[in-house]
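Just so you know, the sequence shown maps onto residues 4 to 139 in our numbering. For glycine and all other residues, C-beta sits at the position ideal for the given N, C-alpha and C. A short worksheet on the structure shown next.
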Amino acid sequence: MNWVVDTCLIIDVLDNDPSFGADSAQLIDKYAKEGLSICPISYIELAPAFLGDRRRQDEFLSAIGITHDKMLDRHFIEAAYSAWNQQVILKRSKKAPRRPIADILIGAFALRGKGILTRNPSDFTRVFPKLKVITP
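Following this line, the structure appears as structure tokens:
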């Protein structure tokens, strides 16, 4: 089981973001020995950052120790289905802000691993209260 790395951390490192780059890189380095992967949704989200060049993207991910070959399975679908339903209920009752479905899919994917590395814990904790979330 791997830790799932949220898209934002990868973009922080790639862009050498002055506010988040160093902390995001340190977090990724700290957990690399335990195994890191990204959700297929994150892989797709990263396409514009690499100008659609999958070879460059694959090389970058490999260089920072992140795999991207994990497939979606029935457990993922069930978790995402339930979480999205819960998110919509919360949003309609004005108990939660609007969230993109990508965050729900990434959080559901992270449930099958050790947890998620992110700098946006609130994107995941409300809908996935049992998900282990690590921040920089």
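Shown here, S22 sits in coil according to DSSP, grouped into three states, outside any helix or strand. When the Cα atoms are used, D15 and Q89 turn out to be separated by approximately 30 Å.
Taking C-beta separations shorter than 7 Å and ignoring five residues to either side along the sequence, the partners of L49 in its chain run T10, I13 and Q60, following chain order. Counting along the chain, G110 sits inside no beta strand (DSSP E); it lies in the alpha helix (DSSP H) bounded by residues I104 to A113.
Taking 8 Å as the cut-off, the Cβ atoms of R115 and H78 count as close. Proximity to N123 across L39, K33 and V136 peaks at V136, based on C-alpha coordinates. D76 and A113 have their alpha carbons spaced roughly 12 Å apart.
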